[in-house]
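Okay, structure first, notes after.
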Ligand SMILES: NC(=O)c1ccc[n+]([C@@H]2O[C@H](COP(=O)([O-])OP(=O)(O)OC[C@H]3O[C@@H](n4cnc5c(N)ncnc54)[C@H](OP(=O)(O)O)[C@@H]3O)[C@@H](O)[C@H]2O)c1
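In the numbering used here, the protein residues as written are 1 to 338.
See the structure below:
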């Protein structure tokens with residue numbers, strides 16, 4: 001099989017490419033050559049920009065393509081229209097953010113989708129419209145290539161080369177050891193998926209020419225925030241102790257959910273109650289397998305991971321608490337408990 005990957009050099013895309021190459025497939029990358037241009041020296045690289053410079057894609061044929069970098073529907077529509085006669089099967093990497101709301105647990109693929117507010121432009125940099133834009137992208141590509149599209153809707157993706165400091169904040173904080181400030185209580189649900197498990201399953205789905213929409217987050221059995229931190233502790237063999245701090249106490253002191261304490265969505269914010277309770281049964285029934293979380297954490301912690309020249313490990317703005325701020329909050333919490 002020969003596969004065109006639009007993207008392929010940062011995080012999920014890079015694992016997709018690695019998996020496809022491991023299986024002996026021929027891969028062509030199309031991107032701007034800005035992110036890790038030295039990766040995959042053995043692979044054919046087409047340079048261009050999906051925002052307007054698609055010339056390098058003309059006149060070629062591929063069995064399948066994977067689109068990891070579609071965020072604006074007009075761009076996705078143009079790419080799909082150009083490639084509809086050149087590829088048989090299109091995989092669009094979407095997101096669980098396509099759903100209109102997360103107040104309910106167990107959202108499956110039939111849940112209502114987010115809409116772009118009337119009069120809003122599709123601005124690729126606007127996080128507030130990310131989900132609605134992904135939903136529009138799905139719709140655009142499906143219109144152009146009906147019944148030939150596999151729409152993958154991942155939850156939070158983790159693993160080696162994750163450019164964000166979300167899950168990685170917890171991995172590194174717990175590895176540092178000592179008293180760790182943890183939000184609210186340990187029983188809050190959590191869902192995460194290792195990019196390598198996701199990639200392996202997606203390539204298998206492409207082999208089978210599967211189409212349709214699939215939520216993709218894990219693990220298969222419920223996980224809690226506390227179990228996630230325990231996995232971080234056991235993988236790093238640290239002496240971390242977790243102090244679970246009341247939500248209102250944190251909010252009153254200006255701790256911003258998610259930004260200052262990654263992956264924390266306060267229970268009081270009912271509109272997010274189901275965010276980490278997505279139903280991915282379709283994906284598991286079709287072969288998705290998640291490795292133990294402790295294995296993912298161990299791999300993230302591999303000592304040389306951050307020092308390879310082609311690794312852009314943490315590129316998003318810093319998130320999480322600084323050690324000083326965490327200490328200050330913990331002392332104030334202890335004082336309150338006296
Ligand atoms: N991370 C998560 O937790 C999460 C959760 C749910 C869904 N998702 C979705 O998963 C996907 C994963 O993305 P990824 O960054 O890991 O994929 P990736 O394929 O590893 O990296 C992004 C690729 O897109 C290329 N690219 C960016 N802008 C481009 C443009 N205008 N024209 C051509 N190529 C362009 C980049 O190369 P150049 O910069 O060199 O062009 C890079 O190769 C995204 O669609 C995201 O919405 C992520």
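C-beta: ideal position from N, C-alpha, C; glycine also.
Counterpart residues of residue i in DSSP-defined beta bridges
i           : result
residue 49  : 53
residue 62  : 87
residue 318 : DSSP, once it has assigned bridges, lists no residue as partnering residue 318.
residue 30  : 6, 46
residue 150 : 91, 212
residue 167 : Answer is none; residue 167 lacks a bridge partner.
residue 190 : 223
residue 180 : 242
residue 157 : 193
residue 218 : 192
residue 99  : 113
Cα-Cα separation, residue i to residue j
i           : j           : result
residue 326 : residue 86  : 54 Å
residue 338 : residue 296 : 38 Å
residue 144 : residue 59  : 18 Å
residue 233 : residue 244 : 15 Å
residue 184 : residue 246 : 5 Å
residue 3   : residue 118 : 37 Å
residue 276 : residue 77  : 30 Å
residue 42  : residue 291 : 29 Å
residue 75  : residue 52  : 8 Å
residue 218 : residue 136 : 25 Å
residue 104 : residue 16  : 31 Å
residue 203 : residue 102 : 29 Å
residue 307 : residue 48  : With a pLDDT of only 43 at residue 307, under the threshold of 50, the placement of this residue in the model should not be trusted; the figure read from the coordinates follows. The straight-line gap from Cα to Cα measures roughly 29 Å.
residue 278 : residue 294 : 21 Å
residue 301 : residue 146 : 42 Å
residue 345 : residue 54  : The shown model of the chain, from 1 to 338, leaves out residue 345, and the question about it has no answer.
residue 122 : residue 116 : 8 Å
residue 267 : residue 248 : 10 Å
residue 1   : residue 64  : 8 Å
residue 329 : residue 260 : 12 Å
residue 190 : residue 252 : 24 Å
residue 165 : residue 195 : 15 Å
Where residue i sits in the DSSP three-state scheme
i           : result
residue 67  : strand
residue 323 : helix
residue 266 : coil
residue 7   : coil
residue 113 : strand
residue 248 : helix
residue 204 : helix
residue 13  : helix
residue 257 : strand
residue 225 : helix
residue 130 : helix
residue 334 : helix
residue 289 : coil
residue 18  : helix
residue 230 : helix
residue 72  : coil
residue 329 : helix
residue 40  : coil
residue 25  : coil
residue 35  : coil
Integer-rounded CB distance, given that residue j should sit under 8 Å from residue i
i           : j           : result
residue 148 : residue 89  : 6 Å
residue 155 : residue 192 : 7 Å
residue 12  : residue 167 : Actually they do not touch by this definition, with Cβ atoms about 14 Å apart.
residue 210 : residue 286 : 7 Å
Of the listed residues the options, nearest to residue i (C-alpha basis)
i           : options            : result
residue 109 : 328, 212, 55, 299  : 212
residue 303 : 182, 160, 249, 247 : 160
residue 33  : 42, 8, 26          : 8
residue 178 : 134, 156, 141, 237 : 237
residue 265 : 91, 224, 40        : 224
residue 197 : 330, 284, 324      : 284
residue 157 : 174, 96, 30        : 96
residue 205 : 267, 35, 329, 91   : 91
residue 299 : 280, 151, 171, 190 : 171
residue 81  : 140, 286, 21       : 140
residue 321 : 301, 5, 35, 255    : 255
residue 71  : 65, 84, 56, 93     : 93
residue 250 : 332, 235, 142      : 332
residue 36  : 188, 261, 259, 163 : 163
residue 220 : 62, 175, 288, 44   : 288
is_contact[residue i, chain B] using C-beta, thresh 9 Å
i           : result
residue 196 : In the structure shown, chain B does not exist; there is a single protein chain.
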